[in-house]
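*Asks:* Residue numbers (our numbering), protein chains in the order written: chain X, 222 to 510; chain S, 13 to 552. We put the beta carbon where it would ideally sit given N, CA and C, even for glycine.
1) Check distances from the C-beta atoms of the region 132–144 of chain S to those of chain X and list, in chain order, the residues that come in under 8 angstroms.
2) Closer than 8 angstroms, CB to CB, is residue 349/X near chain S or not?
3) So what's residue 40/S in DSSP terms, helix, strand or just coil?
4) Under 8 angstroms, do residue 390/S and residue 165/S count as touching if we go by C-beta distance?
5) Do residue 492/S and residue 151/S count as a contact pair if the criterion is CB distance below 8 angstroms?
6) If you draw a straight line from the C-alpha of residue 540/S to the C-alpha of residue 292/S, how long is it?
7) Going along the chain, which residues of its own chain have a beta-carbon closer than 7 angstroms to the beta-carbon of residue 266/S, five neighbours each way excluded?
8) Below 8 angstroms, can you find three or more Cβ-Cβ pairs linking the region 269–283 of chain S to the region 380–389 of chain S?
9) According to DSSP, is residue 158/S part of a helix, a strand, or is it coil?
10) If we ignore side chains and look at the alpha-carbon of each, how far apart do residue 257/S and residue 338/S end up?
11) Give me whichever residues DSSP pairs with residue 203/S in a beta bridge.
12) Any C-beta of chain X within less than 8 angstroms: which residues of the region 357–383 of chain S qualify?
13) Spell out a yes or no on whether the region 213–223 of chain S and the region 362–376 of chain S are touching, meaning 3 or more CB-CB pairs, one atom from each, closer than 8 angstroms.
14) Do you know how far the Cα of residue 506/S is from the Cα of residue 532/S?
15) Less than 7 angstroms separating the Cβ of residue 406/S from some heavy atom of the ligand SAH?
16) Within the same chain, show all residues whose beta-carbon is closer than 8 angstroms to that of residue 44/S, passing over the 5 residues directly before and after it, in chain order.
17) Would you identify the three-state DSSP class for residue 536/S, choosing helix, strand or coil?
18) Does any CB atom of chain S fall closer than 8 angstroms to the CB of residue 488/X?
19) Taking 8 angstroms as the CB-CB cut-off, is residue 269/X touching chain S?
20) In chain order, which continuous runs of the alpha helix (DSSP H) of length 4 or greater are located wholly inside the region 191–269 of chain S?
21) In its own chain, which residues sit with a C-beta less than 7 angstroms from the C-beta of residue 300/X, not counting the 5 before and 5 after it?
22) With a 10 Å radius around its C-beta and 16 neighbouring C-beta atoms as the bar for buried, classify residue 58/S as buried or exposed.
23) Under 8 angstroms between C-beta atoms, does residue 320/S make it to chain X?
24) For residue 347/X versus residue 99/S, is the C-beta spacing smaller than 8 angstroms?
25) Please list, in chain order, the residues of the region 443–466 of chain S that have any C-beta partner in chain X closer than 7 angstroms.
26) Okay, do the region 508–515 of chain S and the region 104–116 of chain S touch, 3+ Cβ pairs below 8 angstroms being the bar?
27) Relative to chain X, which residues along the region 94–111 of chain S have a C-beta separation below 8 angstroms, given in chain order?
28) Run through chain S and tell me which residues come within less than 7 angstroms of residue 475/X, C-beta to C-beta.
29) Please list the terminal residues of the continuous beta strand (DSSP E) segment that includes residue 289/S.
30) If you draw a straight line from the C-alpha of residue 390/X to the C-alpha of residue 336/X, how long is it?
31) Can you grab the Cα-Cα spacing for the pair residue 93/S / residue 260/S, in whole Å?
32) How about residue 322/S and residue 263/S: are their beta carbons less than 8 angstroms apart?
33) Just by C-beta distance, which residues in the region 306–332 of chain S are closer than 7 angstroms to chain X?
34) Does the beta-carbon distance from residue 460/S to residue 63/S come in below 8 angstroms?
35) Run down chain S in chain order and give the residues with a C-beta less than 7 angstroms from the C-beta of residue 437/X.
36) State the start and end residues of the unbroken alpha helix (DSSP H) segment that holds residue 408/S.
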C-alpha cells in the first residue's frame with residue numbers, strides 16, 4: 222500500500238470537501254439570515270445565503286433591554302461553577318470507586334448504577350428541591366444534577382486502566398490516597414477530565430427546564446430559557462394565540478437566527494482552547510504497550 | 013417546613029402529575045358525581061361597559077367594536093385598589109420583560125393600580141408543567157392563570173382554589189363593573205361542577221381565519237368571497253402557477269372544506285368536533301359530511317394548488333410565504349391578525365382580509381367554527397379571607413378596564429413621553445416601551461377585545477367586516493361549560509392516532525375509505541364514553 226495516487230488524493234479531497242460544506246453551509250445560512258434585511262428574507266421565502274443589505278436589526282431587537290446580556294452572564298456563571306463542582310465530585314467518587322476495598326465500595330457502586338435505570342419525574346424532583354429550601358436559588362440548577370452516573374462510570378473505567386503498580390509504588394513511598402489522586406492519577410487523566418468536563422459544561426449551558434421550574438423571577442433566567450421565549454412562538458393552528466405584543470418586530474426567522482448565533486458564540490469562543498485535550502482523549506487506549 | 017400530605021394535597025398532587033387513572037379508580041366517575049350544588053349556576057350578569065364610543069358599533073352580538081383612531085378623551089380613572097402586594101403566576105407568548113427595577117412601565121402600573129403586582133411567568137409552551145409543580149409544591153401565589161384543561165379538573169379546582177360563585181354570580185358581579193362587561197360565554201368556560209372558579213381572559217368569537225392576500229386576488233381579478241365549492245377550486249387554480257413558484261395555499265385548508273360541508277371543527281386536535289341535537293351528542297367525524305369533506309380535500313390536494321413543502325412547515329414559514337406572495341392564503345388564529353401588518357411593512361399594496369367558507373353549492377346557510385371563548389381563566393388560591401378575595405377581585409377588575417380609559421392607557425402603553433408618544437391621536441410605543449410592555453398582565457385579565465390598528469383604518473374595516481359577516485354564522489360549541497374526564501385524561505393518544513390517519517388520507521397515502529375504521533376505533537376507545545359524559549352533564 223504505497224503512496225496514494227493523484228486520483229486517490231483528489232477523490233478523498235472531494236469527499237472531505239463535500240462533508241465540510243455540508244456542515245459549514247447551514248452555519249453560514251444561519252449567520253447570513255440573521256443579518257439579512259426583511260425584504261431579502263421575504264424574497265427568498267426563508268433562508269438567505271448571501272445578503273446584499275446587511276442589517277443588525279434582529280440583534281438589536283434581541284439585545285435591547287439588557288435581558289439577554291444579563292442572561293448570558295447568568296448562564297456563564299452557572300456553567301463555570303457547575304462544571305467545577307461537578308468535576309470535583311465526579312473525580313472524587315470515581316476515584317474512590319476505582320480503588321478496591323474502599324469503604325462501602327459495592328453498595329455505593331450499586332446505588333450509582335441504579336440511578337441510571339429511571340428518572341423520578343418532575344413533581345418528586347420539585348418537592349425535593351423545595352424541601353431543601355433551594356427554590357429560587359441558583360444552586361437548584363446545580364446540586365440536583367451535580368453527579369451524572371454515566372460520567373462517573375466512564376471516569377471510573379478510565380481510572381481502573383491506570384496501572385496498579387504506579388499507585389502501589391507511590392503508596393509504598395508513603396503517599397496518602399489524596400496525594401496519589403492529585404499528583405499521579407489526575408495528571409495522567411487530563412484527557413478524560415476534559416471530556417467529562419465538556420459533557421457537564423454543555424449540559425449546564427443547555428439546561429432550561431429546571432430553570433423554568435425552580436427560578437421564580439425571569440431576571441434570574443439563564444440564556445437558553447430567555448431565548449426560548451423568542452423561538453417558541455410556533456403555536457399550532459387552532460391554538461388561540463398567534464399575537465405578539467411586539468409591533469414592527471423584524472421577521473421572525475431573522476430573530477430566531479440571531480438567537481442561534483448568540484447562543485453558539487460563547488461555546489465557539491472557548492472550544493479552541495480546550496480542543497487539544499479532546500484530540501488526546503480520542504486517542505487514549507488506542508495503542509497498547 | 014415539610015408539606016403535610018393530607019388527602020387534599022394528594023389529590024391535587026396526583027391530578028397535577030397526571031395520575032388520573034389511579035385516582036379515577038379511587039373516586040370512580042368523580043367528574044359527573046354531584047357535589048351537592050343546587051342545579052346549574054347563575055352566570056354573572058352581563059353589563060357592557062365602554063369608555064369611548066366606537067366608530068364601528070359592536071353589532072350584531074359578539075362582534076368586537078372597531079376604532080379607527082385612538083379615542084382622545086380618557087374617562088376619569090377609577091379608584092386605586094389599596095392593599096398588600098398581590099402575587100400572580102401566568103404564561104406569556106412573548107419574550108420576557110425587564111425586571112421591576114428597570115421597568116418604568118411596571119412601576120407606573122403599580123402606582124396607578126395602588127397595589128404592587130408581583131408577576132411570575134413562563135413561556136406558554138412550558139406553562140402546564142409550571143402550574144403542575146406549583147400546585148404540587150403547595151406554595152401558590154394569590155392568582156394563577158389556568159390554561160387548558162387538567163385531569164380531574166373539578167376535584168383539582170375544589171382542592172386548590174377559591175370558589176368565587178358567591179362573589180360573582182348573578183348581580184353580585186355588579187360590584188366589579190369591568191368584570192360585568194366580560195362576555196357571558198367566556199364565563200361559561202370558567203365554570204366546573206356548576207361553580208365559578210375564575211375570571212376569564214376573553215377572546216373574539218371568530219376562530220381560525222383563512223387569511224387572504226386581498227391585493228393578490230384583486231390583481232388576478234378574483235372575488236374576495238367565492239360562493240361555491242366550484243368557484244373556490246377555480247380561484248385556487250387561478251392563483252397557482254407552479255413554474256413561477258406560486259401556489260394558492262401554504263397548508264391544507266381542511267377546516268375551510270369542513271365548513272363548506274356544514275361541519276365545524278379544528279383538525280388536527282379534534283377541537284369543536286361535537287354537535288348536539290335534542291340532547292344527543294354526535295362526533296362530527298362519524299357524519300357522512302365528514303367523509304365528503306375528506307374526498308374534497310383529496311381532490312384539492314391532487315389539483316396541485318398547495319405548496320409542495322407544506323407538510324411539516326412551521327407557522328412562521330407559512331406566514332413568510334404569504335407575506336412574500338409565494339402563497340395567497342394562510343390559516344391562523346384571529347388573534348394574530350394585527351401581527352401581520354407589522355411584518356408586512358415592506359410589502360407594497362399589502363391588504364389582508366378574511367375569507368369565509370362558502371356552502372358547497374352556493375345555497376343554504378354557511379357555518380363557521382367559533383373560536384375559544386377565552387384564552388385562560390385566572391383563579392384565586394384557596395383562602396378564607398373574604399377581604400383579601402375582594403381586594404384581588406378589585407385588582408382584576410382594574411385590569412379589565414375598557415379600551416379608551418386611562419387605566420387601559422397605563423396597561424397597554426404606559427407613561428406618555430417615556431414609554432409611548434402620541435402620533436396624532438394614536439399612541440406609539442418607544443423602543444423601551446415595546447420591551448417593557450411585554451409584561452404579561454393581559455394574560456391575567458383584560459377587557460373584551462376591540463378592533464384597533466394604529467394608523468391603518470383599512471385594516472380595522474377589514475377585520476370588522478369579517479367579524480360582522482362571520483360571527484353570526486358561528487355554530488355554538490355544545491361542549492362549552494361541560495367537562496368530560498375521559499376527554500381530559502384518556503383521549504390524547506386516541507386523538508393522536510386519529511390525527512395521523514387524517515393526515516395520511518389528506519396527503520394521499522391512504523384511501524378515504526381508511527377513515528371509517530379509524531373513527532370507529534376512536535369512538536370505541538374513548539369517543540362513546542365522552543359522548544355519554546357530555547350527554548349526562550347536558551341533561552342535568
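*Replies:* Result, derived from the coordinates:
1) 132, 133, 134, 135, 136, 137, 138, 141, 142, 144
2) Translated into the one-based positions of the first chain, residue 349/X becomes position 128. No, because no Cβ of chain S sits closer than 8 angstroms to the Cβ of residue 349/X.
3) The sequence position of residue 40/S within the second chain is 28, counting from 1. Only weak support exists for where residue 40/S lies, its pLDDT of 38 falling under 50; the coordinates are left without a value.
4) If you number the second chain from 1, residue 390/S lands on position 378. If you number the second chain from 1, residue 165/S lands on position 153. No, they are not a contact pair.
5) Against the second chain, residue 151/S aligns to sequence position 139. Against the second chain, residue 492/S aligns to sequence position 480. For residue 151/S and residue 492/S, no; Cβs fall outside 8 angstroms.
6) For the purposes of this step, residue 540/S is taken as the residue at position 528 of the second chain. For the purposes of this step, residue 292/S is taken as the residue at position 280 of the second chain. Distance between the alpha carbons of residue 540/S and residue 292/S is about 12 angstroms.
7) Taking the second chain and counting its residues from 1, one reaches residue 266/S at position 254. The answer, listed in chain order, is 279, 309, 518.
8) yes
9) For the purposes of this step, residue 158/S is taken as the residue at position 146 of the second chain. DSSP places residue 158/S in strand when its eight states are reduced to three.
10) Translated into positions along the second chain, residue 257/S becomes position 245. Translated into positions along the second chain, residue 338/S becomes position 326. Computed Cα separation, rounded: 7 angstroms.
11) Mapped onto the second chain, residue 203/S falls at position 191. Paired residues: 208/S.
12) 357, 358, 359, 383
13) yes
14) For the purposes of this step, residue 532/S is taken as residue 520 along the second chain, with counting starting at 1. For the purposes of this step, residue 506/S is taken as residue 494 along the second chain, with counting starting at 1. Those two C-alpha atoms are separated by around 11 angstroms.
15) Although the ligand SAH was asked about, the structure shown includes no ligands whatsoever.
16) Sequence index remark: in the second chain, residue 44/S carries index 32 (1-based). For residue 44/S, the predicted structure reports a pLDDT of 41, less than 50, and the residue's modelled location is therefore unreliable. The matter cannot be settled from this model.
17) Position 524 of the second chain holds residue 536/S. Three-state result, residue 536/S: helix.
18) Walking along the first chain from the start, residue 488/X turns up at place 267. For residue 488/X, the answer is no, since every Cβ of chain S falls outside 8 angstroms of its Cβ.
19) Start at 1 with the first residue of the first chain, and residue 269/X comes out as number 48. No, residue 269/X lies away from the interface with chain S (no Cβ there is under 8 angstroms from its Cβ).
20) 196–200, 226–231, 241–250
21) Taking the first chain and counting its residues from 1, one reaches residue 300/X at position 79. Cβ within range, chain order: 422, 425, 426.
22) The residue labelled residue 58/S in the question sits at position 46 within the second chain. Exposed is the call here.
23) Mapped onto the second chain, residue 320/S falls at position 308. Cβ-Cβ to chain X under 8 angstroms: no for residue 320/S.
24) Taking the first residue of the first chain as position 1, residue 347/X is located at position 126. Taking the first residue of the second chain as position 1, residue 99/S is located at position 87. For residue 347/X and residue 99/S, no; Cβs fall outside 8 angstroms.
25) 443, 446, 447, 449, 450
26) no
27) 104, 105, 106, 107, 108, 109, 110, 111
28) Position 254 of the first chain, counted from the start, is the residue given in the question as residue 475/X. By Cβ distance, chain S contributes nothing, its closest Cβ being about 10 angstroms from residue 475/X, past 7 angstroms.
29) By 1-based counting over the second chain, the position of residue 289/S is 277. 286–289 is the span of the beta strand (DSSP E), which, as asked, contains residue 289/S.
30) In the first chain, residue 390/X corresponds to position 169, counting from 1. In the first chain, residue 336/X corresponds to position 115, counting from 1. Between residue 390/X and residue 336/X, the C-alpha separation is close to 35 angstroms.
31) Here residue 93/S corresponds to residue number 81 of the second chain, with the count starting at 1. Here residue 260/S corresponds to residue number 248 of the second chain, with the count starting at 1. Approximately 53 angstroms between the Cα atoms of the pair.
32) Position 310 of the second chain, counting from 1, holds the residue named residue 322/S. Position 251 of the second chain, counting from 1, holds the residue named residue 263/S. It is a contact, given that the beta carbons lie within the stated cut-off.
33) 326, 327, 328, 329, 332
34) Translated into the one-based positions of the second chain, residue 460/S becomes position 448. Translated into the one-based positions of the second chain, residue 63/S becomes position 51. No, the pair does not count as a contact, with Cβ atoms beyond the cut-off.
35) In the first chain, counting from the first residue as 1, residue 437/X sits at position 216. Result: 132.
36) Counting from 1 along the second chain, the entry for residue 408/S is found at position 396. Its alpha helix (DSSP H) spans residues 398–411.
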